[in-house]
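Reading through the structure tokens given below for one structure.
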Amino acid sequence: MEKFYITTAIAYASRKPHFGNTYEIIMADAFARFQRRMGKDVFLCTGTDEHGQKIENLANEAGITPQKYVDGVAGEIKGIWDLMGVQYDHFIRTTDGYHVDAVKKIFKKFYEQGDIYKGFYEGWYCTPCESIFTATQVVDGKCPDCGRPVSQAREEAYFFKMSNYVDRLIKHIEDNPEFIEPESRKKEMVNNFLKAGLQDLCVSRTSFKWGIPVDFDDRHVVYVWLDALTNYITALGYDPDKSYEEQCEKFKHYWPCDVHIIGKDILRFHTIYWPIFLMALGLP
């Protein structure tokens, strides 16, 4: 039977799900139901993204631990999807033990193969977006994505050498025209980011503690994007210590993903950073 693996972006567990989360899961569920009717072996994965400074701050304001905070929000999100009758096959939480263990191994693997190095980042940080911007990107002291105020930040961090994979990613996009849809968004990513000169990506933080610890440097926690994006493979049982041929049958059966349904606000992370991470892991 032909397989079909479809995912949503995992909802950030800071508040109740918003319209975008709901629209995404409805689209994914409808697409998955159609593929099942077509006789395919479908696996629909969704879930919650549960680490980061914003959640740590909200938990402190509520006077509870971050884990208790995300337990409540994740339960509410899952409950709403169940109430809607969404036929997901797996609901992943980034605080799940198997995901945490895999992310630690992935980070260490990247470091040992020379894809990650330690440095300092300076820039303007948007807590709601969990994103860092340069002075030229900030508009009147506000985040260019969400319009909220940003704060200046400087801290020690690990960086991923995105530049090592740019040419390979451009070729992949050119060789696979359907890789990014619609066409207008593909042109935006290629021309505005890849060909314009892709900066190395900050992949750890030291200014807060609510995250997955870096095994070999416990002052750092893995930055939310490396943590969150890898859910698409950890949900299938991916083990970073094994080659592709040695992975579990579930992973080998469903990977690679057929469709990631995402919002345009996280397009850069899914069409640039995510495929580069996969290339670094030696995965299709």
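In the numbering used here, the protein residues as written are 398 to 681.
Ideal Cβ positions, reconstructed from N, Cα and C, are used throughout, including at glycine.
Using a C-beta cut-off of 8 Å, the region 537-544 makes no contact with the region 582-593, since fewer than three inter-stretch Cβ pairs fall below that distance. Residue range 513-523 is occupied by the beta strand (DSSP E) that includes LYS515.
Just so you know, the alpha carbons of GLY482 and THR419 end up roughly 12 Å apart.
Counting the other Cβ atoms within 10 Å of the Cβ of ALA425 gives 16 or more, which makes it buried. Out of ALA406, PHE605, THR492, the CA that lies nearest to the CA of ASN457 is found in PHE605. In the DSSP assignment, PHE440 is bridged to TYR402. Sequence-distant Cβ neighbours of ALA625 in its own chain, meaning closer than 7 Å and more than five residues away, are ILE407, ASP446, THR491. Per DSSP, reduced to three states, the secondary structure at VAL656 is strand.
In the assembly as shown, ARG565 is an exposed residue. Its beta-carbon has fewer than 16 other beta-carbons within 10 Å. Bridge pairing for HIS487: CYS442 [DSSP].
Under the DSSP assignment, SER411 falls outside any beta strand (DSSP E); it carries neither an H nor an E label.
PRO546 sits in a strand when the DSSP states are folded into three classes.
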